[in-house]
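Numbering (my numbering), first residue to last: 4 to 1097.
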C-alpha cells in the first residue's frame, strides 16, 4: 500500500441506488506541486469510499486515478490514428510464465494495452517475475504491473498503480460518535462546519452523509482534508479487500487525452451476489473518474446469461453435481437452479430422493425433465453485466455475441472454457460454456469509441490460442486443436506438443476514439474541446454532436434492470422473443420502461465542467444537461455552438466567453440560456429562434445574472409565425452589472413586418433588470413597420396582369382598310408608375416595357362589316423599387413575362371611324419573378395564368370637309386578370401566397379623332381620349397577414396620340397615356405600334 502524502480524495455514495450515488471527487490546485508529487513524480494519496453506514477504506489511487498528476504532465503529440489495440487474457494460473514461449505471440500481435488475470506467481516480482518484466521491456512490450492475480501491460507511456477496492465495517454506535466529535475538536473548520458535523452525527446520520455536506461549504477542500486527517488519527477500522485492480494511466491515450486502463478479475462464485458488490465498486470508480476508463478482463459473467445457457447435458451435469454432495455449501443454489430448469417438479423430487446420478441410459427421464435453456432462468439472469452496463458499455461484434441457445463447441462466441480445455467445465456444476471475457469502456466516454477491427487481422476477436513449448511457435483458431488430448470431431491433432494457452479464449479488439479532446481542469472536472484538436475533425466535415444519448447497441430489452442489477418485474412475464429484442434508446420516453432505458442510454455528464469550441467547428448540443452542470463555455472566432434540442430546454452556464456564433435553437424555439457568472463577448453572434407552432408563441431567451461586457450581435435564426402573434417579444434580460451592447446583426423580418431590437432600461418590476425586446413597432411606439418586400411582390403581380392588356385602337387598326391576304402588327409600350401605400410608409416606383407581335390568320368583309381572327405573342419586363419611409428599408422587384394568345375583332368601318366595333382576346401569360429585400436573400418564383378581355364602342363620324373628318367614339373595356404568382417560402420562414382571386379590370371613356386625308393618299389622325379606369385590388398573404397593393382603384386617364397610313400598306400609331389618383398616384405610358399589310 502507498502511504498517503499530502491530501485526500473522497468518493461518497450514500445510497445503494445507483441514481442517488453522490460521488464528490476533490481535486484542487490548493496543494503546491511538491505536495502533489512523490519521489516518483506521482501524487500518492488514499481515497475513501463511504457506502451508506460503511466506510470503504484502504485502497490507494495514484493521483486520484492520476488526475492531479496529469495536470503537471507536459503535452505530447496525439496518436495519429486514435486507435488502441486491446487484449484480455486469463492465463489460467500463469500459462504465460515462460517468456520464451509467449513473447513471439505478443511481439507479432503488437497490442497497445494488455490485461491479464490469474497471474499470481508473477505479480510478486520474485526473480522470475523480474526477469519476465525485463524481457517484456527489452522486447518493446512495455511495463508489466500486477496486483493480486491481475496485471496490466502496455508499451505506451503510462503511469502505473493499483486499486484495492474494499467494503467497510464502520458502525455508528455512541462511542464512535463521541470519538468522531472529539476528533473534530481543535481543527480549523469554517462556517459552522464543526457544529454541523457534530449535530448530524449525534442524530445518527451516517458519517458519509455528514462528510458529503462539507462539499456545499466554502473552502470545502480544506474542510474535507482537515476532517479526514483527524478521523485517520483515530484509526478507523479497515475492511476486507473485495477486488484488486491494477491500472495504467496513459498520459496521452488518444488525441492527447489521458486514459485509464485496468484489468479486473471478478469472483467466480456461482451466486452473483459477490460479483454485484464488486461491480458496484467498479461503477463507483467510473462515476468518480473524469477520464475514459477501459477495462479488459475476466468478469466471470455473461452478457446474455450469468453462467452461460445450459444445454440438457449441462443440466444433467448440474443434477449429478448436486446428488454427489447435497449438503455442501453451494448445494442449495444448485437445488434452486434445478427447480427452475425442471419441467416437472414432481419428477425432479423423485429423482433427487432416489439419490443416484443420471446417466445416458436414462434418456427418457432426462428428456422429460430438462429442456435446453434458450432464455436464462431467474437464477441465471445476467445480473452482473446488467449492473456493470449502467456505468460501462461492452465492445463486441454482432457475430461474436452470445446466441439465444446454449453454446456449442468452438462456436466462435464462448470464451470459457477454451476449445482445448472444454472438459474443464465439467468440474463446475453451475457453469456452462459462456462468454465471460470482455473489453468495456466507461460512460459517458464509451459513445466516443467504436470498434475498428481489421477483418483480416488474426490477432483480433475471440481467439483460441495454443503454444508449442518445444519450438516457441503458436497457433490461433486452428481447426485441429485437441480437447484434452482427444482430437476434435475425430480430426487429426496438430501436434502433440501444442498446449492450450489458457482455459479461456483470448479476446482482443481495436477501439477507435472519435470524440473531443479532453483536458482536466483545476477543479477536477473535465474540459471538452471540439475543433481541430478533436479526434474525427476534418476541414471538410467540422460538425460535431454532444449528446447524452449513447445509442448503445450492446443490450437486449431483457437486460433492463433496476439499480441493483435485478431485471425489471414488468419484463418477467413477457415472451422470450420480446426480451431478445435489441434495446433501442428511442424507448426512453416509454411510460413503462422509459426510466430504465434512460438509466442505460442517457449518460451522466456532471463531470464535464468546461466546453470549448475552436477553429471552424460546429457543435450541436441536444439537451440542457449535455454540457454538464453549469459548465464554463468558450467559443473561438469562426466556431459555432447550436443548442439543437428537439423540445425547449434550459441551459445553465457558469460563464460564457463568446467570440464565435451561438444559436440558442436549431428547429424548435423556446430554449433558455442562463449565465450566472461572467459573460464576455468579443463581437460574438447570438442567434434567437422565435416560433409560433400554434396559438402559443415560443422564443429563445438569454438571462445574464453576472457581469457582462462586449459587443453582441443578435440574429433571429427562425421566425415562423412571429408576425401573427405579437408585436414585442422579450429576448434578453440583464441582472448584473453590464457594459454589453446588443444590436441586430442583420435585418429581421417576419410575415409583413420589419423588426428591430428595442432596449428597456427597467422592467418595471423593481428588479432593476435591463431588457431587450424584439418588436415590429417603430420608435414612436405606434406605427407597425411594414416590409417593402410586400409591395415588390404586389408590383410584380400587377405587372404580370397589365403588361399585355390589349387595346383595340393600338392593336388591330393602325393599317390600311383595303383587303389583304394577311397583315402583321408590332406594338411596343413603356411606362412609369409611382404610388404610396395606404399606411403612408411605403413609396413604390417602377417602370415597365412590353413588345407584342401579332397578325391575322384570316380576315373577311361582308355587307355588315369587317371581321378578323389573329394570333399574338409578346415579351414584357417590369422593375420596381419600394422604400419604407420610417425604417429606410427598401426592396427591389423584377419580372420577365411572356404571352401567347388569340384575338377576334369586328368593326362596321375598317378604319374604326364609324359604327360599332368589338374586340376580344384570350392570352396565356407566364413569367419569372424576382424580389430581393435589403440584407435578405433574393426570392425567385414563377407566375402564370390567363388574361381575358373584351372591348367595344361606337363611333360617330362627322365630315368637316373633303379632307378632314371628326370621329367621336365612346368605349368600354372589361378584363379578367387571372395571372397568379406561385407560393413562396422565404429563407426567414415567411410564406407568401397570392390572395387576389382573379380581379376585374374596367375602363370607360370617349375618344375624339381628327382624320386628315392627304393628296398623296396617306392619312394622319391625331386623337385624344378621356376616361375612367378601375383596377382590381391585388393582394397577398404573408403568413396570416393580408397585404394589398395600396394603389388607387379608381383613376382618371388622359391619352393623346397620332396614327397614320403610309403608302397604303404601312400603318403606325403613337400615343402618350397618363393617370392620376389619390395618394399621389401617378402613371405614365408611351406606346408605339406599327402594322404592315401584305
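The beta-carbon is built from N, C-alpha and C at its ideal position, and this holds for glycine as well. Nothing here was measured: the structure is a model prediction, and the numbers come from that model.
Residue span of the beta strand (DSSP E) that contains residue i, given as start and end
| i | result |
| --- | --- |
| residue 646 | 643-646 |
| residue 868 | 868-887 |
| residue 923 | 918-936 |
| residue 857 | 845-865 |
| residue 757 | 756-763 |
| residue 635 | 635-638 |
Endpoints, alpha helix (DSSP H) assigned at residue i
| i | result |
| --- | --- |
| residue 316 | 315-327 |
| residue 432 | Taken as a continuous stretch (DSSP letters only), residue 432 belongs to no alpha helix (DSSP H), as it is neither H nor E. |
| residue 290 | 276-291 |
| residue 579 | 579-582 |
| residue 1098 | Any question about residue 1098 goes unanswered here, given that the chain covers just 4 to 1097. |
| residue 334 | 334-344 |
| residue 798 | 792-805 |
| residue 600 | 597-604 |
| residue 368 | 366-372 |
Rounded straight-line distance, which links the Cα of residue j to that of residue i
| i | j | result |
| --- | --- | --- |
| residue 882 | residue 797 | 12 Å |
| residue 662 | residue 683 | 8 Å |
| residue 884 | residue 901 | 22 Å |
| residue 759 | residue 677 | 23 Å |
| residue 70 | residue 145 | Unreliable placement is indicated for residue 70, whose pLDDT of 32 sits below 50; no coordinate value is reported for it. |
| residue 1034 | residue 1012 | 26 Å |
| residue 1095 | residue 1055 | 33 Å |
| residue 628 | residue 607 | 8 Å |
| residue 79 | residue 472 | For residue 79, the predicted structure reports a pLDDT of 30, less than 50, and the residue's modelled location is therefore unreliable. A value from the coordinates is still provided. Roughly 41 Å separates the two Cα atoms. |
| residue 249 | residue 301 | 13 Å |
| residue 74 | residue 262 | Because residue 74 carries a pLDDT of 30, less than 50, the predicted location of this residue cannot be relied on, and the following value inherits that uncertainty. Straight-line Cα distance between these residues: approximately 13 Å. |
| residue 313 | residue 619 | 56 Å |
| residue 1088 | residue 670 | 49 Å |
| residue 43 | residue 260 | Residue placement at residue 43 is flagged as unreliable, the pLDDT there being 27, under the threshold of 50; the coordinate-derived value follows with that caveat. Approximately 22 Å between the Cα atoms of the pair. |
| residue 1009 | residue 811 | 14 Å |
| residue 60 | residue 694 | Bear in mind that the predicted position of residue 60 carries a pLDDT of just 32, short of 50, making it unreliable; the figure below should be weighed with that in mind. When rounded, the distance between both Cα atoms is 55 Å. |
| residue 286 | residue 443 | 12 Å |
| residue 650 | residue 674 | 8 Å |
| residue 904 | residue 874 | 6 Å |
| residue 26 | residue 284 | Bear in mind that a pLDDT of 25 at residue 26, under 50, signals an unreliable position, so the number given afterwards is only what the model happens to contain. When rounded, the distance between both Cα atoms is 12 Å. |
Expected contact under 8 Å - CB spacing of residue i and residue j to nearest Å
| i | j | result |
| --- | --- | --- |
| residue 513 | residue 456 | 5 Å |
| residue 439 | residue 304 | 6 Å |
| residue 502 | residue 547 | Contact doesn't hold; Cβ gap of about 49 Å is too wide. |
| residue 247 | residue 164 | Incorrect: roughly 11 Å between the Cβ atoms, too far for contact. |
| residue 266 | residue 154 | 6 Å |
| residue 621 | residue 545 | 6 Å |
| residue 481 | residue 427 | That belief does not hold up - the Cβ atoms of residue 481 and residue 427 are roughly 19 Å apart, past 8 Å. |
| residue 993 | residue 752 | 7 Å |
| residue 584 | residue 560 | 5 Å |
| residue 571 | residue 599 | 6 Å |
Chain B contact for residue i (CB, 8 Å cutoff)
| i | result |
| --- | --- |
| residue 481 | Judged by its chain identifiers, the structure shown contains no chain B, having just a single protein chain. |
Test item: CB-CB of residue i and residue j under 8 Å
| i | j | result |
| --- | --- | --- |
| residue 689 | residue 665 | yes |
| residue 801 | residue 1041 | no |
| residue 985 | residue 944 | yes |
| residue 346 | residue 384 | no |
| residue 772 | residue 741 | no |
| residue 422 | residue 375 | no |
| residue 952 | residue 930 | no |
| residue 732 | residue 557 | no |
| residue 791 | residue 933 | no |
Taking one C-beta from the segment 87-95 and one from the segment 116-124 each time, how about it: are there three or more such pairs within less than 8 Å?
yes
Taking contact to mean 3 or more Cβ pairs, one atom from each stretch, closer than 8 Å, check whether the segment 1020-1036 and the segment 1052-1071 are in contact.
yes
The segment 844-851 / the segment 946-956 touching (three or more Cβ pairs under 8 Å)
no
Check whether the segment 290-301 touches the segment 313-332, taking contact to mean three or more Cβ pairs, one atom from each stretch, closer than 8 Å.
no
Per the contact definition of three or more C-beta pairs closer than 8 Å, is the segment 341-360 in contact with the segment 395-414?
no
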